[in-house]
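Residues in the sequence shown are numbered consecutively from 549, following this note's numbering. Report on one structure; see the data block that follows.
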Amino acid sequence: MALHIEPADATLGATITGIDLARLDDADWRQIEDAFHQFGVLVFPSQHLTETAQVTFGRRFGAVEQLVAKRDIVPISNRDAEGEQLYDRSHQALVLRGNEGWHTDSSYMPVSAKASVLSCRIAPKRGGETEWADMRAAFDALDDAMRERVAPLAAFHSLYHSQAKLGHKVEAGAGYGFIADAPPLRPLVKTHPFTGRPALYMGRHAYGIVGLAAEESERLLTGLVEFACQPPRVWGHRWAPGDVVIWDNRCVMHRARPYDQREPRVMMHTRIAGDPATEAALATTEQAPPIGIGTAA
Ligand code: OGA
Ligand code: MN
């Protein structure tokens, strides 16, 4: 089997075939790592990895972030443990709804994520795609004035904030990533630690740009996401069971697309930890604004 890389018709993304991720030799791994740095998102159709094999593949990229209940791999599913459809106001359902907004994983944690691996177990008949947007190309596409404006700016990132905007109010420590105090502050322009390319870094968890009034911050962040997540910088994947995807959270945003909640959608997620040398939050004495600013409800 020869490894084949098919670039997507977008500024990011490629589909890789002719490979079994459960049996990866070093030569294949080098090609995959190069492609990861070049394309930012890699789709591997029809891999059908076991949980262990998915975590092992993830570890090629680095240490795995411990998620809910300190697990290396967690379901992203609209069914509860008994397989029943989730009540749409439940914590888990509201977190899934949140995933439908453009974001980058673990930006609300003290160390943001390097990459995420997502695989499909059960796909809905229609909808439920995942989309990715290229924040390197988005930065490059800004005009000079905007590039200069965003370069020195930094925003706080909070899952409490982004979920509050959806009307999801949670208690302290309600789930993974709900950190009550001192949300991390992150630059709006992130330099990729491997490629050195600058990328916009923001998404639904970002709020409260230091030095701007709340409304102005919200307007700038909303405008940047809207501008950034447009063709040719967006690529989507329609899932089939067995597909595996990895994306680079340091330069790519993603979101889930809606689907009929009466149908099951079951995905498995593994997250690769960022390097504290490059993905730690900025040191700051600035106070984060209260969460919920700019909320519709
Ligand atoms: C994630 C995520 C989107 C999707 O796994 O981090 O945002 O399409 N998933 O399920
Ligand atoms: Mn996500």
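Glycine residues also receive a C-beta, built at the ideal position from the N, C-alpha and C atoms. The structure displayed is predicted, hence computed values, not measured ones.
Per DSSP, the bridge partner or partners of residue i
i	result
Gln778	For Gln778, which the question treats as bridged, DSSP gives no partner whatsoever.
Thr678	His785, Ala804
Tyr656	Answer is none; Tyr656 lacks a bridge partner.
Trp795	Val589, Ser664
Val612	Ile820
Thr563	Glu554, Val591
Ala570	Ala570 is not bridged to any residue.
For residue i, the three-state DSSP class (helix, strand or coil)
i	result
Leu642	helix
Ile580	helix
Met767	Note that residue 767 is Arg in the sequence shown here, rather than Met. Looking at Arg767 - three-state DSSP - the assignment turns out to be helix.
Arg695	helix
Tyr708	helix
Val758	coil
Thr847	A question about residue 847 goes unanswered here, because the residues of the chain that appear run from 549 up to 845.
Leu772	helix
Pro837	coil
Proximity test, residue i beta-carbon vs the ligand MN heavy atom, cut-off 8 Å
i	result
Asn626	no
Asp796	no
Ser660	no
Asp568	no
Ser706	no
Ser664	yes
His802	yes
Proximity test, residue i beta-carbon vs the ligand OGA heavy atom, cut-off 8 Å
i	result
Met683	no
Gly790	no
Arg805	yes
Thr678	yes
Asp653	yes
Met657	no
Met750	no
Which listed residue (the options) has its alpha carbon closest to that of residue i
i	options	result
His585	His740, Arg619, Leu772	His740
Thr600	Arg571, Asp808, Tyr635	Arg571
Phe605	Gly631, Asp692, His716, Glu581	Glu581
Ala550	Leu760, Asp573, Thr833, Gln711	Asp573
Trp650	Ala776, Arg745, Val792	Ala776
Arg819	Ala562, Ala762, Phe726, Met657	Met657
Arg645	Leu634, Ala611, Phe587	Leu634
Residue environment, residue i, which counts as buried when at least 16 other CB atoms sit within 10 Å
i	result
Glu774	exposed
Phe672	Here residue 672 is Pro; the residue named in the question, Phe, does not match the sequence. Classification for Pro672: buried.
Leu824	Per the sequence presented here, residue 824 reads as Pro, with Leu not at that position. Exposed: under 16 other Cβ atoms inside 10 Å.
Ala844	Legend: pLDDT at Ala844 = 43, less than 50; position of this residue unreliable, value from coordinates given subsequently. Exposed.
Ser847	This structure does not reach residue 847, given that the chain is present from 549 up to 845, and the question cannot be answered.
Lys713	buried
Ala804	buried
Lys738	buried
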